[in-house]
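Q:
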Amino acid sequence: MDREPVPKKPRVGEEESNGLHSPVTLSHTAPSNEVWYQESLKAPEAFWDQLAKERLEWIKPYDKVMDVDMNSGDIKWFINGVLNVTVNCLDRHARDNPDRVAVLWEKDEPKQHEPVTYKQLLDMTCQVANVLKSQGIRKGDRVVLYLPMIPLAVAIILACARIGAIHSIVFAGFSAEALSSRIND
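Using the working numbering, read the sequence shown as starting at 28 and increasing by one per residue.
What follows is the structure, given as structure tokens:
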């Protein structure tokens, strides 16, 4: 299967020569940032409702887009909605484009790299999440990573998010005292 070359991406907010935008600006076919901004001001509830329905996969759909109390300054978004960040940044891409590269791991030696596809990363993430759960790690627990930046570290970070645990990465060059301080913090 031949693939078209990946075009150079513009910086955020910058249009490509063909009028399309970088995915970072939400969509290849999105209007300019100014148009989006004006739409969000004109009808914020409708604007965010449309984006949330088109761009996110909800575990439990929200009942109401927003609840605003300007007197108290209390603003709540997507009332009663539940989502999982890993589903939105990993699962849907693994489902739609399983062989697409999710992470390009640059190894220690120059010019040595290893692609990790969305499917591979999802499989690794689910395995790690199951191991964490089998060890009693639950939502709100903290998990400290003392690893180099390898694909497994990415999977652990995503696995923590998947089960609601909080990850913390510590630098391998820290002394025992510095590590102890950061782990206990």
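C-beta: ideal position from N, C-alpha, C; glycine also.
Looking only at its own chain, which residues have a Cβ that is under 6 angstroms from the Cβ of A205, when we skip the five neighbours before and after it?
A: Here residue 205 refers to the residue found at position 178 of the sequence shown. Around A205: no qualifying Cβ.
Q: If you reduce the DSSP assignment to three classes, tell me which class F198 lands in.
A: Residue 198 sits at position 171 when you count from the first residue of the sequence shown. It is coil, neither helix nor strand.
Q: Using CA atoms only, rank isn't needed, just tell me which of W85, C187 and P88 is closest to K166.
A: Here residue 166 is taken as the residue at index 139 of the sequence shown, counted from 1. Selected option, being the one with the closest Cα: C187.
Q: Could you tell me which whole alpha helix (DSSP H) segments of length 4 or greater appear in the stretch 121-173?
A: Segments of the alpha helix (DSSP H) lying fully in the stretch 121-173: 145-161.
Q: Quick check on W104: does DSSP put it in helix, strand or coil?
A: Residue mapping note: residue 104 aligns to position 77 of the sequence shown, counting from 1. Three-state DSSP puts W104 in a strand.
Q: Give the DSSP bridge partners of V95, in chain order.
A: Working through the sequence shown from its first residue, we reach residue 95 at position 68. Partner(s): I102.
Q: With distance defined between alpha-carbon atoms, name the residue in I210, K103 and K146 nearest to L117.
A: Here residue 117 is taken as the residue at index 90 of the sequence shown, counted from 1. Selected option, being the one with the closest Cα: K146.
Q: Of the residues R119, S99 and L159, which one's Cα is nearest the Cα of I193?
A: The sequence position of residue 193 within the sequence shown is 166, counting from 1. Here the closest residue by C-alpha is L159.
Q: Along the alpha helix (DSSP H) that carries M62, what are the first and last residues, could you check?
A: The sequence position of residue 62 within the sequence shown is 35, counting from 1. The sequence given here places Val at residue 62; Met does not occur at that position. Residues N60 to K69.
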